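Report on the structure given below.
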Amino acid sequence: MVRSQQAEKEVPKAVELRKRAGTWLQEQRKKAGLSQIQLAERLGLKYYTFISQIENGFSRVPSDSMEAWAAALGIAPGVFARHLLAFYEPELHKLLFEVKS
Amino acid sequence: MSQIVNILAFPPRAASGDWRPDELAALAHLFPADGANHWDVGTTEAGDPQFYVLGPAPDFECVLCVSRLAHGYVMQDGAGRIVGEAPSLQQFAEEAARAAMRGSRSFIARVTLLVAAVRLTIEEKVEPIFEETQELLVRVAPQLAAFV
Numbered sequence: 000m001v002r003s004q005q006a007e008k009e010v011p012k013a014v015e016l017r018k019r020a021g022t023w024l025q026e027q028r029k030k031a032g033l034s035q036i037q038l039a040e041r042l043g044l045k046y047y048t049f050i051s052q053i054e055n056g057f058s059r060v061p062s063d064s065m066e067a068w069a070a071a072l073g074i075a076p077g078v079f080a081r082h083l084l085a086f087y088e089p090e091l092h093k094l095l096f097e098v099k100s
Numbered sequence: 000m001s002q003i004v005n006i007l008a009f010p011p012r013a014a015s016g017d018w019r020p021d022e023l024a025a026l027a028h029l030f031p032a033d034g035a036n037h038w039d040v041g042t043t044e045a046g047d048p049q050f051y052v053l054g055p056a057p058d059f060e061c062v063l064c065v066s067r068l069a070h071g072y073v074m075q076d077g078a079g080r081i082v083g084e085a086p087s088l089q090q091f092a093e094e095a096a097r098a099a100m101r102g103s104r105s106f107i108a109r110v111t112l113l114v115a116a117v118r119l120t121i122e123e124k125v126e127p128i129f130e131e132t133q134e135l136l137v138r139v140a141p142q143l144a145a146f147v
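Residue numbers (numbering that gives the first Met the number 0), protein chains in the order written: chain A, 0 to 100; chain B, 0 to 147.
Below, the structure is given as structure tokens:
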């Protein structure tokens, strides 16, 4: 992916975490043996471009379609949602799942 | 023809690969970066180019995404909902203007499209008027000068 001149030089935490989520999703898709187009078909999307939008770290998997994504990738919905929550809402994930020391 | 004409030329669609400079210039003109908004580009796995209009810092979350596919251009909001589809960038810009008026999508996407639509309207409707006025002035000025 080519970075344009527009975004600020310092990468904020939310951007970095979204990129990491995108990379993880891409890994899971490849592990499932799917192309972006095939995943979009399984999700019933008219265009596959939204998959790329997410994997490139610019958008999130919408909450209301997490179950469908999990099914398409062969991951338990709870595990899938919890993993993405760690990227998208790290503070909430910490409160919900991380053990206090 | 005036020397200060600022016409947004909409280039023909490229087959595949990265954005061509003229396509990118047209998109950057429609969705210019300012203090609050930014843009970025990327490609899909199949090599189709994408243009991301990003929201404000610190999240820089995508509010609109323009993708060029084999049959044309597709515009989606940050949640992947289709906002517009068009075979050319010219028609795409018009579709963006219509989508902005429909108001059925997310608020941020609508505002972004509305700004693009207003900019397009100014270029299409107002600039030619300025251009005509200037041309008229150029023609009339020597005659006026003759009276002085």
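A virtual CB, placed ideally from N, CA and C, is assigned to each residue, including glycine. From a predicted model like this one, the values you see are computed outputs, not experimental measurements.
DSSP places Trp23(A) in the helix class (H, G or I) of the three-state scheme. When Cβ-Cβ separations below 8 Å define contact, Pro89(A) makes no contact with chain B. Looking at the DSSP output, Phe50(B) sits in a beta bridge with Val40(B), Val65(B).
Secondary structure of Ile81(B) (DSSP, three-state): strand. Using a CB distance below 8 Å, the part of the region 40-62 of chain B facing chain A consists of Val40, Gly41, Thr42, Thr43, Glu44, Ala45, Asp47, Gln49, Tyr51, Leu53, Ala56, Pro57, Asp58, Phe59, Glu60, Cys61, ordered along the chain. Residue state for Val114(B) is assigned as helix, using DSSP reduced to three classes. Look at Thr22(A): its C-beta is not under 8 Å from any C-beta on chain B. In its chain, beyond the 5 residues on either side, Ala31, Leu33, Leu38, Arg41, Leu42 have a beta carbon closer than 8 Å to the beta carbon of Ala71(A). Rounded to whole angstroms, the gap between the alpha carbons of Ala92(B) and Val114(B) is 12 Å. In summary, Ala69(A) is buried, with 16 or more beta-carbon neighbours lying within 10 Å of its beta-carbon over all protein chains present. If you draw a 10 Å sphere on the C-beta of Ala96(B), you find 16 or more other C-beta atoms in it, and that means buried.
Counting only Cβ-Cβ distances below 8 Å, Gln27(A) has no contacts in chain B at all, with the closest Cβ about 14 Å away. At a cut-off of 8 Å, the C-beta of Gln52(A) has a neighbouring C-beta in chain B. In terms of Cα proximity to Thr111(B), the closest of Pro86(B), Tyr72(B), Gly77(B), Ala24(B) is Gly77(B). Shown here for Pro86(B): same chain residues with a beta carbon closer than 6 Å to its own, the five before and five after excluded, namely Gly71 in chain order. Around the beta-carbon of Pro20(B), fewer than 16 other beta-carbon atoms lie within 10 Å, marking it exposed.
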